[in-house]
Amino acid sequence: MISSYKVPASNPLQLGISAVSTFRPPHQLSNDWFDAMPRKFVKHTGIHSRPVSEEDEVTQAMRATEQLMKETRCDLSKCAAVVFTSPSFVPMPLARKHLDPQEARNEQLSRAAWQFVNEMEMTPRRVQATNTFCAGYARALELVLHKINPTLDLQSDEFILVLTSSRISRITDYSCPTSGALFGDLATATLIARTDSQTHPVHFELLDARVDHHPTNRPFFKFQRKEQVPAPNRDGGRTIESHRFVFSLDGMGIADIAPRAMAASAAEMVRDTGRRPEEIQHILPHQAGFAIVRLTEMKLRDEGFTGDVINGMTHDVGNVSSGSIPFTLSKMWDDLHGEVVCPIASVGPPGKNRVAQGCIALRSTALHTQNFQTAERVGRQKASA
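So the sequence shown is numbered by this note's numbering: it starts at 671 and just counts up by one.
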């Protein structure tokens, strides 16, 4: 429903999130499909099933955008910039080294971004592609705030489209008992507008977004070619692929580092934006798995955060990588208010002794707060009826 709420005039260079839409592939792969799943997998991750897409990343992004158009009635002719991020593209140095020329060409993320724009018949002034794996959404918003917005001259009726599209199933090693069941396929579309936009009223002001890389004592992530790899097929059974280029993940290593990294990035973001941890109402960490977020909550409490920590979003999607934060935003949209921080931890470049950590800082607008208070009042009235 389109709101008639009038947004107060503000700094025209300030941006915010007006809407987030998601596309979840219809095919769901349950835990029963996996032969060698560790006994404690569900307890540690919270994952019972995950979407597996038969469509490529561009098509998924198109479907998420079509959903956004349906929900907001946005006019794509008013899209001034597109940022396309995907964690399921093989980095080009590795693609050129290990794949045949056509396969390598298909891994060009910038090519996928332009394919999306052309398929949707759009004419944005800027098109950007980025792959920072699970930190991709934070990196995309960082680009929007600090690279694109200062030079775009965004008009009050225009918007920026940020897309995440993951088809990690095509590079998953389904024979790996620790990482084969972790990830799900998903696409999201985020509409970003000026905070004074009357066309696309903003619900969450974007205060900041950043991603940094930090050194580690070993790499946690790499790609390799494997032979005789099982993979799910269309009818829910399995096929054996003679060879497949897959990622390899040190899940235990990441699980050890991620909670500290996310808590530290949240604390740094709050400090740098002039706030105190106890002023944050909601902390929405990257949903890497139930236990990782639970440990992150403990570290956040050590840093002085007292707000609600959102967890348990992986039940039927798994870890959706760069789509995790926008997916959770869309699911929790009506329950969030006030100051919100979204910390992320991610693998670094393949084969490198680095990890990425980042954070997004949001603040609900008067429009969103008004809607939240109205919903609370209605809820109380229903409860007392």
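Yeah, the Cβ is synthetic: ideal placement off N, Cα and C, and Gly gets one too.
Select from S991, L1037, L1006, C1012 the residue whose C-alpha is nearest the C-alpha of L1059. With the chain running from 671 to 1055 in the structure shown, residue 1059 is simply not present.
Tell me where the alpha helix (DSSP H) around G921 begins and ends. 921-942
On a CA-only basis, which of D823, T976, L699, R945 is nearest P721? Give me that one, please. L699
Since I believe A808 is in contact with A925 (beta carbons under 8 Å), could you give me their beta-carbon distance rounded to a whole number of angstroms? With 8 Å as the limit, A925 and A808 do not qualify as a contact, their Cβ atoms being about 20 Å apart.
Proximity below 8 Å, CB of T800 to CB of T755: yes
Which residues share a DSSP beta bridge with G907? For G907, which the question treats as bridged, DSSP gives no partner whatsoever.
Cβ shell of I910 (< 8 Å), same chain only, five flanking positions each side left out: Q898, V899, P900, A901
DSSP state of H913 mapped onto helix, strand, coil: strand
So what does DSSP say about R766, is it helix, strand or coil? helix
Coil, strand or helix - S688 by DSSP: strand
Classify Q1040 as buried or exposed, calling it buried when 16 or more other Cβ atoms lie within 10 Å of its own Cβ. exposed
Tell me whether E967 is buried or exposed, calling it buried when 16 or more other Cβ atoms sit within 10 Å of its Cβ. buried
Could you give the first and the last residue of the continuous alpha helix (DSSP H) run that contains F960? 960-972
Looking at the secondary structure, which residues open and close the alpha helix (DSSP H) in which V712 lies? 711-715
Are S780 and L738 closer than 8 Å when you measure CB to CB? no
Alpha carbon to alpha carbon, how far is V881 from E812? Give it in angstroms, no decimals. 8 Å
What would DSSP say about L755, mapped onto helix, strand or coil? Per the sequence presented here, residue 755 reads as Thr, with Leu not at that position. Strand at T755.
Give the straight-line distance between the Cα atoms of K740 and A689, rounded to the nearest whole angstrom. 11 Å
I'd like the list of long-range same chain contacts for G716, defined as Cβ closer than 7 Å, with 5 residues on each side in sequence excluded. G959, F960, G982, T984, H985
So, Q951 versus D972, is the Cβ gap smaller than 8 Å? no
Roughly how many angstroms separate the alpha carbons of R766 and N1023, rounded to a whole number? 22 Å
Going by DSSP, what residue range makes up the beta strand (DSSP E) through T834? 829-836
Based on the DSSP output, what are the partners of E1080 in its beta bridges? Residue coverage of the chain in this structure runs from 671 to 1055, which leaves residue 1080 outside it and unanswerable.
Start and end of the alpha helix (DSSP H) containing E812? 806-813
Check the DSSP bridge columns for N648 and list the partner residues they point to. The structure shown does not extend to residue 648, since the chain spans only 671 to 1055, so no value can be given for it.
If you draw a straight line from the alpha carbon of E845 to that of D823, how long is it in whole angstroms? According to the sequence as given, residue 845 is Ser; it is not Glu. S845 and D823: Cα-Cα distance of roughly 49 Å.
Once DSSP output is grouped into helix, strand and coil, what is the label at T1039? helix
Boundaries of the beta strand (DSSP E) in which K892 is found, first to last residue: 891-902
Just to confirm, are A863 and V872 a CB contact at a threshold of 8 Å? yes
By the DSSP assignment, the beta strand (DSSP E) with V881 in it spans what residues? 874-885
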